Amino acid sequence: MTTVDDWVHEAVEAAGPRGASVRDVQRWVDEARGEELAVDTIEASLAALVRQERIEPVGEGRWAVRKKTGKADALKRLFGE
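With positions in the sequence shown counted from 1, the corresponding number in our numbering is that position plus 71.
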């Protein structure tokens, strides 16, 4: 089942490395999914995705998909040094 967070992640991913603003996400979801999301819903989803380390801020009011880490970095984050 697709959630709002998945849609927001897809929108940010579609924006590429320059990132997406809240309005960019809102426009993408409306056009690609045919759903209208409120700004506060998008902002809450962006905050959740940042906490989950799936996206990261790339400028004032813009977010991009977080770069994938290597296997060694992932293991360090999971189990510590």
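Built from N, CA and C at the ideal position, the CB exists for glycine as well. Computed from a predicted model, the values in this text were never measured in an experiment.
Within 10 angstroms of the Cβ of residue i, are there 16 or more other Cβ atoms? Answer buried if so, exposed if not.
| i | result |
| --- | --- |
| Leu146 | exposed |
| Leu117 | buried |
| Ala143 | exposed |
| Ala103 | exposed |
| Lys95 | Looking at the sequence shown, residue 95 is not Lys but Asp. Under this definition Asp95 is a buried residue. |
I think residue i touches residue j, with their Cβ atoms under 8 Å apart; what is that distance to the nearest whole Å?
| i | j | result |
| --- | --- | --- |
| Thr112 | Val75 | 6 Å |
| Ala85 | Trp99 | 6 Å |
| Gly87 | Trp134 | Not a contact, Cβ separation roughly 12 Å. |
| Val93 | Gly132 | 7 Å |
Quick one: which unbroken alpha helix (DSSP H) runs of 4-plus residues sit fully inside the stretch 109 to 147? Chain order, please. Every alpha helix (DSSP H) stretch that sits fully inside the stretch 109 to 147 and reaches 4 residues is listed by chain position as 110 to 122.
Could you tell me whether the stretch 100 to 107 touches the stretch 119 to 133, where touching means 3 or more Cβ pairs closer than 8 Å? no
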